[in-house]
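Asker:
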Amino acid sequence: MADAPRPVKRTSKVVVLTGVSRGLGLAMTDEFIGRGHTVIGCARSGDVLKKLQHRHPRPNSFQRVDVAVETEVQRWAAVVIKQHGPPDLLINNAAIINQNAPLWQIGDPEFSRVIDVNIKGVANVIRHFVPAMIKSGRGVIVNFSSGWGRSVDAEVAPYCATKFAIEGLTRALALELPASLAAVALNPGVIDTAMLQSCFGGSASGYEAPAQWAQRAVPFILKLNRSDNGLSPTVPGSRSE
């Protein structure tokens, strides 16, 4: 069997990032680009993406993609890989949460949508980017988990279920990757985002803002490498509850 290709070191990384239109994704986009890296992002909000593209011109690129729709991910990945090559960092950040309610009151459409975005969306992105990363012999996959992927709370059962799934999916993926790649399930901590506000209401403002969080999180993510494969870290310094 031929040896796997040796990873090529880059000082500037190509970062594929989902869910760039708001919250942590938007904050990470600004921080990665501010540090000299290229961000190839997607989200479902076309208007926000136009503004992002104006603020961060090419080679950065922002496309309207619903990660829960595999054909959209497939088309997007093909274009990205052709234009930019395989990403150095593949960050599955896009996620949604159910409206606070006991599990038995959450209807099938809402439950299914949370599953489709938070689990199947991650699998779709992995399916269409990771083979090129394996072929190139380099790259780190960062799947965003949550404190609610390691503990639970009432009225967010569907979201908790998806983030527990991300923990297991990532650990299994880590066993399947060649030694030159890594997969990590990252808990960002508790940050004042629209998602947190939907759960905590006004008390969400007592937590750290996304831009402030990104100043710590992005350097931490940039340092992840193949020695971290299969780990489930939390962004250092983040509040976990």
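Under this note's numbering, the first residue of the sequence shown carries the number 1, and numbering increases by one thereafter.
The beta-carbon is built from N, C-alpha and C at its ideal position, and this holds for glycine as well.
To the nearest angstrom, report how far apart residue 114 and residue 68 are at their CA atoms.
Answerer: In a straight line, the C-alpha of residue 114 is about 10 angstroms away from that of residue 68.
Asker: How many angstroms separate the CA atom of residue 223 from the CA atom of residue 182?
Answerer: Their backbone Cα atoms lie some 12 angstroms apart in a straight line.
Asker: How would you label residue 163, buried or exposed, when you count the other beta carbons within 10 angstroms and need 16 or more for buried?
Answerer: Label assigned to residue 163: buried.
Asker: Quick check on the DSSP output: what are the complete alpha helix (DSSP H) runs of length 4 or more inside the stretch 202-237, in order along the chain?
Answerer: Runs of the alpha helix (DSSP H) inside the stretch 202-237: 210-223.
Asker: What whole-angstrom Cβ distance do residue 215 and residue 31 have, given they're in contact under 8 angstroms?
Answerer: Their Cβ separation, rounded to whole angstroms, is 6 angstroms, which keeps residue 215 and residue 31 in contact under 8 angstroms.
Asker: Using only the alpha-carbon positions, how far apart do residue 39 and residue 64 sit?
Answerer: Near 14 angstroms, if we compare the C-alpha coordinates of residue 64 and residue 39.
Asker: For residue 43, which three-state DSSP category applies?
Answerer: Correct three-state label for residue 43: strand.
Asker: Hey, which unbroken runs of the beta strand (DSSP E) at 3 residues or more fall wholly within the stretch 115-191?
Answerer: For the stretch 115-191, whole beta strand (DSSP E) runs of length 3 or above, ordered along the chain, are 140-144, 182-186.
Asker: For residue 11 and residue 158, I'd like the C-alpha separation in whole angstroms.
Answerer: Distance between the alpha carbons of residue 11 and residue 158 is about 39 angstroms.
Asker: Counting beta carbon pairs with one atom in the stretch 126-141 and one in the stretch 44-53, are three or more of them shorter than 8 angstroms?
Answerer: Flag = no, the stretch 44-53 and the stretch 126-141 do not touch.
Asker: Per DSSP, residue 62 is paired with what?
Answerer: 41.
Asker: Taking all protein chains shown into account, decide if residue 188 is buried (16 or more other Cβ within 10 angstroms of its Cβ) or exposed.
Answerer: Buried, since its Cβ has 16 or more Cβ neighbours within 10 Å.
Asker: In angstroms, rounded to a whole number, what distance separates the CA positions of residue 237 and residue 207?
Answerer: Whole-angstrom Cα-Cα distance: 12 angstroms.
Asker: Counting Cβ pairs closer than 8 angstroms, one from the stretch 68-88 and one from the stretch 99-107, do we hit at least three?
Answerer: No, because fewer than three Cβ pairs between the stretch 68-88 and the stretch 99-107 fall closer than 8 angstroms, the two stretches do not touch.
Asker: Between the Cα of residue 184 and the Cα atoms of 55, 221, 151, 133, which residue gives the shortest distance?
Answerer: If we check each option's Cα against that of residue 184, 221 comes out closest.
Asker: Buried or exposed: which applies to residue 229, given that a residue is buried once 16 or more other Cβ atoms fall within 10 Å of its Cβ?
Answerer: Label assigned to residue 229: buried.
Asker: Whole angstroms is fine: what's the gap from residue 167's alpha carbon to residue 149's?
Answerer: One C-alpha to the other measures close to 7 angstroms.
Asker: Residue 18 bridges to which residues according to DSSP?
Answerer: Bridge partners of residue 18: 42.
Asker: Under 6 angstroms Cβ to Cβ from residue 15, same chain only, skipping five residues before and after it: list those, please.
Answerer: Counting only Cβ-Cβ distances below 6 angstroms, and skipping sequence neighbours, we find 32, 37, 39, 89.
Asker: Looking only at its own chain, which residues have a Cβ that is under 8 angstroms from the Cβ of residue 123, when we skip the five neighbours before and after it?
Answerer: Around residue 123: 169.
Asker: Return yes when the Cβ of residue 156 is within less than 8 angstroms of the Cβ of residue 98, no when it is not.
Answerer: Yes; because the gap between Cβ atoms is below 8 angstroms, this pair is in contact.
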